[in-house]
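In our numbering, the protein residues as written are 546 to 1442.
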């Protein structure tokens, strides 16, 4: 069984270890199941009692009158291996394991978790847990959990590694009358993890948003793949714990996962198009905002207030978090001046003055609804003797409901005060309008909408192309890497890596090696003064700590003295370090340039990541760097730079020749490509990197290599462009075409291609009339995952050397890589030249090599060309005349049926 239907849509449940003793897991689960009103069979299994909660009990799993879809195991861990064997023999589809101590091993070297998982895999039985609180599925009236409170029906799915967080969220949601479509505790997630649940819930009709509580991620690629796919369909919020070092250590103890910097998790969440919140308070606020809000159309916020002080606090919070105040036009200002007293602020925030009554609020927000320079409105109210909070709230709610354009805006409210404002806030909640107690809380909630929009925009942005390296340069780079690995060289400094960097158009300041002070003087005399002298040692990572770098040396005496002093300090500070001598460089003028640092590391969870920040000897990557997962393209590199600037990690200086950010993007993309091309690169530290305009010079660098294993590309959390699938083929008309994976940069080409496909052919491909494809639709077709989805384009070149698309083939595998659904589209005027067969054979070979079991597709009975081609390639076709559909199926793996 490859889906989660037996878990998420059970018709019968067995409770193994059911009990009548209060506070026992088997008792709590039974009571919750019965009180929830589940309509299927509930079968307690226990040899101790004849019945549990009035339900006839069965002494053994073998005695069950029918095979349950789901078993909830509430027994002590030491019994669970035997129980799993019986459940597997019985043919149970899914198991929830409550036991918390399954990480122990009793009779073998494997833990109980590992032993039970092996039994389950053999029987195609799925596991939720161990150490799971269970799950609640309100739409099925199913409470299969240990939770002391249940969940009401709603449209939010919640998935958590922590049982305690589950009950906290549930208690708060019940107080706010927020319901759930699913409430699932992963526990140790030995089998079912975030990825599968995201895949399932993102297409669930009852689910509109998904909340995740994350301690740690085990399989980064499957998580990223599922998250990127799901976030295109549903709003996803993530509460990630372990932001501090101490918190990370607590996570390791709790989940036994790998240690990863919080900034890397943060980057991964943004890259997936999800929204991160930092604490439960923010989660509650974001949940309330996203539950009631339409998608934000822009970031221009107008603030309406009856108190200047709270509005200033709101503005400060907005600017601190990178938000934007709307600039009101003269026309809108004139309209407001006609409505408001002369003492109003005449700017945004719109201060209605302390004596503002309900009508003044209504007139103002009505005026804003009629303007075009605003995307969102924050309506604030401070306690006032003139304006009663409840009456004003009612008037504002009526004004919002009665204005035909109000739904185009995101509206948030902040009614300050406790007892006096509580009723007003309840009215807003009942009306579906987000409301907050403080100005900062309201702005924080608004910024969740902004950040979510930015992450989604990043997910959909079309990058520019950039020339990375020529085939000869790639071959030279790989040859250099291979030679170093073969000679078992591991660490390299600037002097050694110049040749490698040159292949990626990265400039490294020439460096000379000196064994002792006299050789340093000789080299300096030939170079010309001034020079820089540095210690050379693979064991001293931070040269500045021991004054291992001496700058601006102007004569032989200074060089000799500095060189000897550096060597003496190095030997004293690091007596066991390997001192390889000195490096000599010409002194580079820093005037007119800015110092940066770029570092690439291999994270144990997410693989290679790139870190960008200011230079400096006190660099702490946790606080001083912004991070992005590889691979990068121009759009993603630009977001990394913008994010670094927004949070102060990168401060572009006012220079005569300021940094060209487009050129910096190109440099970041080339570095990304180098790491993808050369998986032996474990780390690369460019520091300092001098930047002036579009010129970047590496002054100092440190490279670490390691022989690659067989799964080099698997180390990336996001699968890179698979260049190995490129090939040139000849068509029946003797013309050649390039067959390659699609790129995000192909968006314009794809749009042009679609215009050259007939309306009839498009209907056969998409099963409906399709108009012009917008950017979002084209982005979904071109910005693919490469892991579970693949699209190949056949291209040619016109007389101007411009590439154009003549055919597209696409295959999407299910999360388990069992079925791979394919589709093909050829330019309508190019049929009959063998392109369709080339594209379909490409998909078959790709899917077979990927390990997919079957290729499946659908077309219409009128598409005789596609039906005939599929039969020639051994597809089994089934015509459904009543549905006007033809199913096509090809078994890919020998011996599979």
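The beta carbon of each residue, even a glycine, is placed where N, CA and C say it ideally should be.
With 16 other Cβ atoms within 10 Å as the buried cut-off, status of residue i
i, result
"residue 744", "buried"
"residue 1048", "buried"
"residue 641", "buried"
"residue 839", "exposed"
"residue 1079", "buried"
"residue 1117", "exposed"
"residue 956", "buried"
"residue 660", "buried"
"residue 1191", "exposed"
"residue 1441", "A caution first: residue 1441 carries a pLDDT of 47, below 50, which makes its placement in the model too unreliable to give a value."
"residue 1153", "buried"
"residue 815", "buried"
"residue 807", "buried"
"residue 1123", "exposed"
Which listed residue (the options) has its alpha carbon closest to that of residue i
i, options, result
"residue 1250", "1230, 1238, 1266, 1262", "1230"
"residue 1352", "619, 699, 617, 1297", "1297"
"residue 944", "967, 962, 965, 915", "915"
"residue 1180", "1011, 557, 1360, 861", "1011"
"residue 1043", "1027, 1244, 1076", "1244"
"residue 897", "931, 766, 871", "931"
"residue 813", "1421, 1391, 1317, 1177", "1177"
"residue 773", "965, 1001, 879, 652", "1001"
"residue 1040", "938, 1055, 555, 1332", "1055"
"residue 1233", "1157, 1363, 947", "1157"
"residue 1275", "1205, 1202, 1378, 886", "1378"
"residue 1092", "1119, 1101, 614, 699", "1119"
"residue 769", "1385, 1263, 1027", "1263"
"residue 653", "632, 678, 623", "623"
"residue 1208", "1399, 925, 1021, 1183", "1183"
"residue 758", "775, 616, 842, 825", "825"
"residue 650", "633, 625, 666", "625"
"residue 1036", "1287, 1267, 1337, 1226", "1226"
Rounded Cβ spacing between residue i and residue j (contact assumed at less than 8 Å)
i, j, result
"residue 670", "residue 733", "The pair is not a contact, with the Cβ atoms about 17 Å apart (cut-off 8 Å)."
"residue 845", "residue 919", "5 Å"
"residue 1104", "residue 1065", "6 Å"
"residue 1437", "residue 1393", "5 Å"
"residue 1126", "residue 1061", "7 Å"
"residue 746", "residue 702", "5 Å"
Proximity test, Cβ basis, 9 Å: residue i and chain B
i, result
"residue 834", "Protein chains in the displayed structure number just one, and chain B is not present."
Same chain, Cβ closer than 7 Å to residue i, five either side skipped, listed in chain order
i, result
"residue 748", "778"
"residue 693", "712"
"residue 682", "553, 727"
Short Cβ contact (9 Å threshold) for residue i with residue j
i, j, result
"residue 881", "residue 909", "yes"
"residue 704", "residue 662", "no"
"residue 686", "residue 854", "no"
"residue 1185", "residue 1151", "no"
"residue 1236", "residue 1138", "yes"
"residue 1144", "residue 1082", "no"
"residue 1309", "residue 1423", "no"
"residue 963", "residue 858", "no"
"residue 688", "residue 550", "no"
"residue 690", "residue 644", "no"
"residue 1450", "residue 902", "Because residue 1450 is not part of the residues shown, which for the chain are 546 to 1442, the question remains open."
"residue 1131", "residue 1075", "yes"
"residue 723", "residue 680", "no"
"residue 707", "residue 760", "yes"
"residue 612", "residue 585", "no"
Own chain partners of residue i with C-beta closer than 6 Å, once the 5 adjacent residues on each side are dropped
i, result
"residue 1291", "1327"
"residue 751", "684, 726"
"residue 629", "661, 664"
"residue 1373", "1302, 1303, 1306"
"residue 1358", "1333, 1365, 1397"
"residue 546", "Low local confidence applies: a pLDDT of 38 at residue 546 is under 50, so the model's placement there is unreliable, and no value is given."
"residue 1446", "Because the chain here runs from 546 to 1442, residue 1446 falls outside it and cannot be looked at."
Contacting residues, own chain, Cβ-Cβ under 8 Å from residue i (five flanking each side not counted)
i, result
"residue 1407", "1309"
"residue 597", "560, 563, 564, 565, 571, 572, 575, 589, 591"
"residue 716", "694"
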